[in-house]
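*Asks:* The structure is given below, and queries will be raised subsequently.
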Amino acid sequence: MIVCMKQVPMVTELPWDAQTGTLKRELAEGMMNPACRHALEAALQIKQEHSGHITAITMGPPMAEEILHEAIALGADRCLLISDRTMAGADTLVTSFVLARAIEIFCPDFDLVLAGCHTTDSETAQVGPQLSEELNIPGIANVDTLHLKNRRLRIQREADNFLETLEMDLPGLITVSTLNHIPRYTALAGLQDAFDEPNILAVGARDLGIDEDSLGLSGSPTRILDVFSPRSEKKSTVLTGAPKRIVEHLFDRYGDVIGSAIRKDLKKEL
Amino acid sequence: MNFDPCMKHKLVRRTVRGFAEAELGPIAHEIDREARFPWEVIEKMRPLNFFGLQVPKEYSGADLDSISYAITIEELSRVSGAVGLCVTVHNSVGVFPLLKFGTPEQKRKYVPLLATGAHIGAFCLTEANAGSDASNVETLAVLRGDKFIINGTKIFVTNGGVCSLPLVFAMTDPEVPGGNASVFIVEKSMPGFSVGEIEDLCGMRANPVSSLFLEDTPVPRENLLGHTGEGIKIALATLDAGRIGIAAQAVGIGQAAFEASVKYSKERQQFKKPIASFQSIQNSLADMATELDAARLLVYRSCALRDAGRPFGKEAAMAKLFSSTIASRAASDAVQIHGGYGYSREYDVERFFRDAKVTEIYEGTSEIQRIVIARTVINEPL
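Shown next, in the form of structure tokens:
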């Protein structure tokens, strides 16, 4: 199995520049992207049930090595750090291209590639699906539950208000949602091991046989016009009248919102 | 000299902080109010190696370095001083003496039981008439055949109510007052061993600090740690390491008080301005931040010396003295910044205030730390 992961700025400590609305990346502490943590957990659960070997891969600056140590501490068997100055500014297309080449060279015999469903820093959710195209294997995004039997993966995911069940033969790729596969805590002994015997291979563009021109900003067709933090606004509505009427009113107007928040069909419940 | 934390230390901090905030955060206030030991969290901490932080892998520990150990205690204490206390006491004075002075048989038999957290450890030195003066211990261990018969009462035992493998400090020669101090590995199931009432303390209330009674408790001769008469030596070596843990704990509590103060002073409005805009509040915050930084550096330096195998007694005493002093001050300032709310039990800062105070008292009072430091500096060449 291969788990693709990304180091993202720590959410609780995001230093936003209030004036420009952009992230002061140099001030942010890095951490493993939360959805990637769920993807690793899914891989660890498959490993526990069916045995197997997990390779964690990340592409990023040298300091992204940190999340690979964490992956080893959690149970990954080996790691690949793809880091090269020429890759700076890569968009999702270049990223999935590079990941695919690395997988083809360093782990060609994989059965399953797992990735987080999206990252907390850019939220594109594109790298996973693009990677399955690059590797020419089937891919399913946003997987909530999975069940593996005889090299066939049966998954469930939520799509709008439906629960979809899909099946896929291996090799394949899934991106894992944050609904299930609650990540385990890292044991401190594992953390010490991860630094005693790191088993992390660092590779650059040359090792992957990739031409510099197809990398980084120059190789990326995407141009980012604007990045902004979503603005939230609180609007309050005061309901008046007899309690019975207020409750009816509340459910008529907000039943869907409340229902979806607590995952219950209130119209059916009442 | 590099002041940047390495990748491992950053990860240790993030890992422990994540665990502490998720598991202890929601209950820290409640377990203090109810003076309840959170067994449900201890259960989760066992497989994560919190009870064998510096124990070698062969005895089922995590084999961490001392800075990682200090960071762990700091981060646990930042959320719950009482749980940080349980873990530091267990690791430093509960397990460490066995590793340093135990026979291979003792280590094989007892260390894994402690390192996995199956048993919680404690170090029982303090008595009604002996605390800072360890030579005044009255608990007696008399050799009869192949067993020592131990009689005595220990008080203020941290983890007392929950420990099942305490180390007990006792005198083996009744003829010589204060002579032949020795340390014994006692199992809770041994006859005559019992736990007294849980102390009703000002702070650290979720830790069941208690008295322990030994009445004609037969302890096999092979449970003597080191040799008879080595008690003071063991206690001193143990306390040096223990002080690092308490210093780290004080830094954690101080950090919590500081963070609460920054947050509150930015929210709290008086005279139509956040109180953080007033210079008097800023002075407090600046002092807290400066002192915490200095304390943390003292703690990590004593850890680095310890890991390098160099003497660290003076440095650990300095770290403990300074960290506990400034933690108390930070917590007191935090109460002041919170005003009336700070004095209310609804807010966390009064818990930090109560918890911080005892770091100046246990594991050697501030007065004892000054003696340790002064003795060394007076005898050092200038």
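Chains as they are written, first to last, in the working numbering: chain A, 66 to 335; chain B, -7 to 374.
Ideal Cβ placement from N, Cα and C applies to all residues, glycine included.
Treat the numbers as computed from the prediction; the structure is a model and nothing was measured.
Tell me the DSSP secondary structure of Met196/B in three-state form.
*Replies:* For the purposes of this step, residue 196/B is identified with residue 204 of the second sequence, where counting begins at 1. Coil at Met196/B, not helix or strand.
*Asks:* Helix, strand or coil, according to DSSP, for Gln262/B in the structure here?
*Replies:* Your numbering for residue 262/B matches position 270 in the second sequence. Of the three classes helix, strand and coil, the one that applies to Gln262/B here is strand, per DSSP.
*Asks:* So, is Phe430/B buried or exposed, given that buried needs 16 or more other C-beta atoms within 10 angstroms?
*Replies:* Look at the range of chain B in this structure, -7 to 374, and you will see that residue 430/B is not part of it.
*Asks:* DSSP three-state call for Asp234/A: helix, strand or coil?
*Replies:* As a first step, residue 234/A is located in the first sequence; it is residue number 169 there, counting from the start. In the structure shown, Asp234/A sits in a strand (DSSP, three-state: E or B).
*Asks:* Count the CB pairs spanning the segment 275 to 283 of chain B and the segment 315 to 325 of chain B that are closer than 8 Å, and state whether there are at least three.
*Replies:* They touch, by the three-pair rule.
*Asks:* Indicate whether Ala198/B and Val75/B have their beta-carbon atoms separated by less than 9 Å.
*Replies:* Here residue 198/B refers to the residue found at position 206 when the second sequence is read from its first residue. Here residue 75/B refers to the residue found at position 83 when the second sequence is read from its first residue. In this structure, Val75/B lies closer than 9 Å to Ala198/B by Cβ.
*Asks:* Would you check if the distance between the CB atom of Val192/A and the CB atom of Cys69/A is smaller than 9 Å?
*Replies:* Residue numbering aside, residue 192/A sits at position 127 when the first sequence is read from its first letter. Residue numbering aside, residue 69/A sits at position 4 when the first sequence is read from its first letter. Against a cut-off of 9 Å, the Cβ pair of Cys69/A and Val192/A comes out as a contact.
*Asks:* Return the residue from the list Arg271/A, Ala267/A, Asp272/A and Phe227/A that minimises the CA-CA distance to Ser325/A.
*Replies:* Taking the first sequence and counting its residues from 1, the one referred to as residue 325/A is at position 260. Taking only the C-alpha atoms, the option nearest Ser325/A is Phe227/A.
*Asks:* Does the beta-carbon of Glu119/B have 16 or more other beta-carbons within 10 angstroms, so that it is buried, or is it exposed?
*Replies:* Within the second sequence, the letter at position 127 stands for residue 119/B. Per the 10 Å Cβ criterion, buried.
*Asks:* Could you name the residues that DSSP lists as bridge partners for Gln221/A?
*Replies:* Position 156 of the first sequence, counted from the first residue, corresponds to residue 221/A. BP columns for Gln221/A point to Thr210/A and Thr230/A.
*Asks:* With a 10 Å radius around its C-beta and 16 neighbouring C-beta atoms as the bar for buried, classify Ala224/A as buried or exposed.
*Replies:* Counting from one through the first sequence, the residue named residue 224/A turns up at place 159. Result: exposed.
*Asks:* Give the DSSP-derived three-state secondary structure of Lys312/B in the structure shown.
*Replies:* What you label residue 312/B is simply residue 320 of the second sequence in a count that begins at 1. Three-state DSSP puts Lys312/B in a helix.
*Asks:* Could you name the residues of chain B that Glu106/A contacts, counting a contact when the two beta carbons are closer than 9 Å?
*Replies:* Here residue 106/A refers to the residue found at position 41 when the first sequence is read from its first residue. None at all; the shortest Cβ gap to chain B is about 14 Å.
*Asks:* Give the single residue among Gly269/A, Thr123/A and Phe162/A whose Cα lies nearest to the Cα of Thr184/A.
*Replies:* On the first sequence, position 119 is the one that residue 184/A refers to. Checking every option, the nearest Cα to that of Thr184/A belongs to Thr123/A.
*Asks:* With a CB to CB cut of under 8 Å and the five nearest residues on each side skipped, what residues in its chain are close to Ile170/A?
*Replies:* In the first sequence, the residue the question calls residue 170/A occupies position 105. Within the same chain, Ile170/A has close Cβ partners Asp272, Leu273 and Gly274.
*Asks:* Applying the 10 Å Cβ sphere with the 16-neighbour rule, what's the burial state of Asp(-4)/B?
*Replies:* Here residue -4/B corresponds to residue number 4 of the second sequence, with the count starting at 1. Label assigned to Asp(-4)/B: exposed.
*Asks:* Measure the Cβ-Cβ separation of Leu238/A and Ile205/A and say whether it is below 9 Å.
*Replies:* Your numbering for residue 238/A matches position 173 in the first sequence. Your numbering for residue 205/A matches position 140 in the first sequence. Yes, these two residues count as a Cβ contact at 9 Å.
*Asks:* Once DSSP output is grouped into helix, strand and coil, what is the label at Val241/A?
*Replies:* Here residue 241/A corresponds to residue number 176 of the first sequence, with the count starting at 1. Note: Val241/A maps to strand in three-state DSSP.
*Asks:* With Ser202/B as the anchor, note down where its alpha helix (DSSP H) starts and where it stops.
*Replies:* Counted from its first residue, the second sequence places residue 202/B at position 210. No alpha helix (DSSP H) holds Ser202/B; the beta strand (DSSP E) holding it covers Ser202 to Pro212.
*Asks:* Within 10 angstroms of the Cβ of Ala286/B, are there 16 or more other Cβ atoms? Answer buried if so, exposed if not.
*Replies:* On the second sequence, position 294 is the one that residue 286/B refers to. Ala286/B should be labelled exposed.
*Asks:* Based on Cα-Cα distance, which residue from Phe293/A, Arg318/A, Glu298/A and Ser297/A lies nearest to Leu304/A?
*Replies:* Here residue 304/A corresponds to residue number 239 of the first sequence, with the count starting at 1. Selected option, being the one with the closest Cα: Arg318/A.
*Asks:* Please determine, among Ile132/A, Thr157/A, Gly125/A and Ala138/A, the residue with the shortest C-alpha to C-alpha distance to Gly284/A.
*Replies:* Here the question's residue 284/A lines up with position 219 in the first sequence. Measuring from the Cα of Gly284/A, the nearest candidate turns out to be Thr157/A.
*Asks:* Asp333/A by DSSP, collapsed to three states: which one?
*Replies:* Working through the first sequence from its first residue, we reach residue 333/A at position 268. It should be pointed out that residue 333/A corresponds to Lys in this sequence rather than to Asp. Here Lys333/A sits in helix by DSSP.
*Asks:* Kindly indicate which three-state DSSP category Ala62/B falls into: helix, strand or coil?
*Replies:* Within the second sequence, numbered from 1, the residue matching residue 62/B stands at position 70. If DSSP states are grouped into helix, strand and coil, Ala62/B belongs with the helices.
*Asks:* Buried or exposed, going by whether 16 or more other CB atoms sit within 10 Å of the CB of Ile327/A?
*Replies:* Against the first sequence, residue 327/A aligns to sequence position 262. Looking at its Cβ environment, which holds fewer than 16 other Cβ atoms inside 10 Å, Ile327/A is exposed.
*Asks:* Which whole-angstrom value is the C-beta distance of Ala323/B and Phe344/B, which I expect to be below 8 Å?
*Replies:* In the second sequence, residue 323/B corresponds to position 331, counting from 1. In the second sequence, residue 344/B corresponds to position 352, counting from 1. Contact holds; Cβ gap of about 4 Å.
*Asks:* Can you name, in chain order, every residue of its own chain whose Cβ lies under 8 Å from the Cβ of Lys49/B, other than the five neighbours on each side?
*Replies:* Reading the second sequence from its first residue, position 57 is the one you call residue 49/B. If we look at Lys49/B and ignore the five residues flanking it on each side, its Cβ neighbours are Asp55.
*Asks:* Am I right that Ala114/B and Pro183/B are in contact with their C-beta atoms under 8 Å? What's the rounded C-beta distance?
*Replies:* The count along the second sequence starts at 1 and reaches residue 114/B at position 122. The count along the second sequence starts at 1 and reaches residue 183/B at position 191. 19 Å between Cβ atoms; not a contact.
*Asks:* Could you name the residues of chain A that Arg6/B contacts, counting a contact when the two beta carbons are closer than 7 Å?
*Replies:* As a first step, residue 6/B is located in the second sequence; it is residue number 14 there, counting from the start. Those are Met96, listed as they occur along chain A.
*Asks:* May I ask you to list the residues that DSSP assigns as paired with Ser181/B?
*Replies:* Within the second sequence, numbered from 1, the residue matching residue 181/B stands at position 189. Answer by DSSP bridge pairing: none, since Ser181/B is not bridged.
*Asks:* Would you kindly work out how many angstroms separate the C-alpha atoms of Arg173/A and Ala155/A, rounded to a whole number?
*Replies:* Working through the first sequence from its first residue, we reach residue 173/A at position 108. Working through the first sequence from its first residue, we reach residue 155/A at position 90. Per the sequence presented here, residue 173/A reads as Pro, with Arg not at that position. Rounded to whole angstroms, Pro173/A to Ala155/A spans 23 Å at the Cα level.
*Asks:* Can you pull the DSSP bridge partners for Ile170/A?
*Replies:* As a working mapping, residue 170/A is identified with position 105 in the first sequence. Bridge partners of Ile170/A: none, in fact.
*Asks:* Since Leu3/B meets chain A, which of its residues come closer than 7 Å, beta carbon to beta carbon?
*Replies:* Indexing the second sequence from 1 puts residue 3/B at position 11. Near Leu3/B (Cβ distances below 7 Å), the residues of chain A are Glu131, His134, Glu135 and Leu256.
*Asks:* Between Asn41/B and chain A, is the shortest Cβ-Cβ distance under 9 Å, so that the two count as touching?
*Replies:* Within the second sequence, numbered from 1, the residue matching residue 41/B stands at position 49. Closer than 9 Å to some Cβ of chain A, the Cβ of Asn41/B qualifies, so yes.
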